[in-house]
Amino acid sequence: MLGTHHYEVAIDWQGDQGTGTSGYRDYRRRHVVRAAGKEHDIQGSSDRTFHGDRERWNPEELLIAALAQCHMLSYLHVATNHGVIVRGYADAASGTMVEDGRGGGAFTEVVLRPTVVVADASMAGLAAELHAEASEKCFIAASVAFPVRHEATVVVLGED
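Heads up: take any position in the sequence shown, counting from 1, add 178, and you land on the working numbering.
Put into structure tokens, the structure is as follows:
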């Protein structure tokens, strides 16, 4: 079913320490991300480099997480359509952001490193190939202006 989908989130800043944004170091970057019907809020901040709280998620990590999640979900769908039985999936994704010297910057790439466990050795070759199709179907990857590379590994269940 084709259609347009709309998503809503709410952001609540929690960083006023009594003087608001009176100076760059006078406020905290803490915030909460909420969405109707979600069981848990996301506690966010900026990266520690930008005076954020190390123990909270930052937007850069959330972008990488969104790309990794989207690829995984697309991959599981594609695998199902092709008869590849996936028994496990884990990813160790990373991303690179470069500052532009004007107070901004941009991601230059994200690398997804999924390890896929398949049920049978006969599925391994196709399982490796399906990352390309999954990437084409990932809404988030299709929406970013930088490359999302894949360094995938396929493992057969019970083999080391």
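Here a beta-carbon is modelled for each residue, glycine too, at the ideal position from N, C-alpha and C. Quantities reported herein were computed from a predicted structural model and do not represent experimental measurements.
About 19 Å separates the beta carbons of residue 260 and residue 290, which is beyond the 8 Å limit, so they are not a contact pair.
Just measuring C-alpha positions, the residue of 209, 249 and 292 sitting nearest residue 311 is 249. Per DSSP, the beta-bridge partners of residue 292 are 269.
Burial is judged here by how many other beta carbons sit within 10 angstroms of a residue's own beta carbon; residue 240 has fewer than 16 and is exposed.
For residue 196 against residue 207, the beta-carbon gap comes to about 16 Å, at or over 8 Å, which does not count as contact.
Residue 281 and residue 229 have their alpha carbons spaced roughly 14 Å apart. When the Cα atoms are used, residue 188 and residue 213 turn out to be separated by approximately 6 Å. Put simply, the stretch 292-304 does not touch the stretch 217-224. Fewer than three CB pairs are less than 8 Å apart. Secondary-structure assignment with DSSP links residue 190 through a beta bridge to 210. Between residue 320 and residue 326, the alpha-carbon positions lie close to 9 Å from each other.
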